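Please read the structure below before turning to the comments.
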Amino acid sequence: MNTPVLTPIETDAVIVGAGPVGLFQVFELGLLEIKAHVIDSLTAVGGPCVELYPDKPIYDIPAVPICTGQELTDSLLKQIAPFGATFHLGQEVTLVQKRDDGRFDLETSTGTKFITKTIFIAAGVGSFQPRTIKVDGIEKFESKQLFYRVKDPARFEGRNIVICGGGDSALDWALNLHGKAESVIMIHRREEFRAAPASVAKMRDLCEQFEMQLLIGQVTGFEEANDTLTEIKVTGADGVTRRLPLDDLLVFFGLSPKLGPIAEWGLDIERKQLVVDTEKFETNVPGIFAVGDINTYPGKKKLILSGFHEAALAAFGAAPYIFPDKKIHMQYTTTSPKLHKVLGVESPVFD
């Protein structure tokens, strides 16, 4: 699936980003009989939902009261299965150039080349990287005792855990691992948290019951023995440095968004986001669309729901580039025999 292709692949659409919005873009294009190739720098589909918090519950997907990031991704993959999208994972788009014929030359970091009529950027916050803890030398424990994401919660059962951060991810994992880990201690640089108030209240209640501990301060050093992280040093606002034994250190300082090569494509950028219209979610470059968290426009809300809406309008906006002589009619999946055929389902018979 990731083997470089020397001969350019000619296609109607390339989607950059395989998160939930990128996957739903496949669906909306598929309904218009537009087949897509999907590129992602990660080695698995799902984007941050799967890479950073696969087990974190999501509550605001319409008609789905609760699902995890992994479950949402699995459902989307099932939904887009009829459209046969081709995935190119573990590679980053490095080059986009407009051709004389109006199409685009596109190339990835592995040498795969495309000639495409349209491009849909669904790259979330860009090529994201977790913000790391700034303590000299501690990086050698990364993926051993220092973690910036939780892929296997069972890994921390019965362990003495220290969690750094003040956002939703830090609080969510502190509450999730409570009762499973031997102990959970939270470290935050200030009393105020950015996380959901209900989560903060629950954490403080557990601290009052001595079932969890909160320290206000910052990690400034560590101790090790036999190549094992044994203690961290936490300096509080009072200037006192305390030594804290631990088995594992989880750090959730948020993501550092990096547009990477996207910044060189000649697109209008505002605060590391791509400026689009609200009719087609098209950028200033005709034929290049941006959907999901990567875009910005008046009233923008960074919700998966918003990204799904944008993907639908972007698909219709792209259709004239792909089918310039074809009139595109709005059809409904509930009643259209044509869409039923595209989806591979039988048309229902109504009395």
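Under this note's numbering, think of the first position of the sequence shown as 3, with each following residue one higher. For each residue, glycine too, the CB sits at the ideal point set by N, CA and C. Keep in mind that this is a model prediction, so the values were computed, not measured.
The segment 271 to 284 makes no contact with the segment 103 to 113; the number of CB pairs closer than 8 Å stays below 3. The count of Cβ pairs closer than 8 Å, one atom from the segment 305 to 313 and one from the segment 56 to 66, reaches three, so the stretches are in contact. Where Leu91 is concerned, there is no enclosing alpha helix (DSSP H), although the beta strand (DSSP E) around it starts and stops at 88 to 91. Straight across, the Cα-Cα distance linking Thr237 with Ala156 is about 30 Å. The beta carbon of Ile330 lies closer than 6 Å to those of Ala321 in the same chain, with the five residues before and after it left out. Rounded to the nearest angstrom, the Cβ distance from Leu257 to Arg133 is 7 Å, consistent with a contact under 8 Å.
By the C-beta criterion, the segment 186 to 198 is judged to be in contact with the segment 149 to 167, since at least 3 inter-stretch pairs fall below 8 Å. Met188 sits in a strand when the DSSP states are folded into three classes. Cβ-Cβ distances below 7 Å link Val202 to Leu173, Phe195 in the same chain, with the five nearest sequence neighbours on each side left out; the list follows chain order. Within the model, the alpha-carbon separation for Asp42 versus Ala239 is close to 42 Å. With a cut-off of 8 Å on Cβ pairs, the segment 245 to 252 is in contact with the segment 228 to 236, counting three or more such pairs. Secondary-structure assignment with DSSP links Gln215 through a beta bridge to Ile187. Taking C-beta atoms as the reference points, Phe85 and Phe122 fail to come closer than 8 Å.
For Ala15, there is no enclosing alpha helix (DSSP H); the residue is found in the beta strand (DSSP E) stretching over 11 to 18.
Rounded to whole angstroms, the separation of the alpha carbons of Leu108 and Trp267 is 11 Å.
Per DSSP, the beta-bridge partners of Thr110 are Val95.
Here Val287 has Lys100, Trp267, Gly268, Leu269 as same chain residues with Cβ atoms under 8 Å from its own Cβ, once five neighbours each way along the sequence are excluded.
When rounded, the separation of the alpha-carbon atoms in Leu34 and Phe318 is 8 Å. The C-alpha of Gln93 lies about 19 Å from the C-alpha of Ile290.
If you draw a 10 Å sphere on the C-beta of Glu213, you find fewer than 16 other C-beta atoms in it, and that means exposed.
Glu159 is positioned such that its CB atom lies no closer than 8 Å to that of Ala198. Residue state for Gln275 is assigned as strand, using DSSP reduced to three classes.
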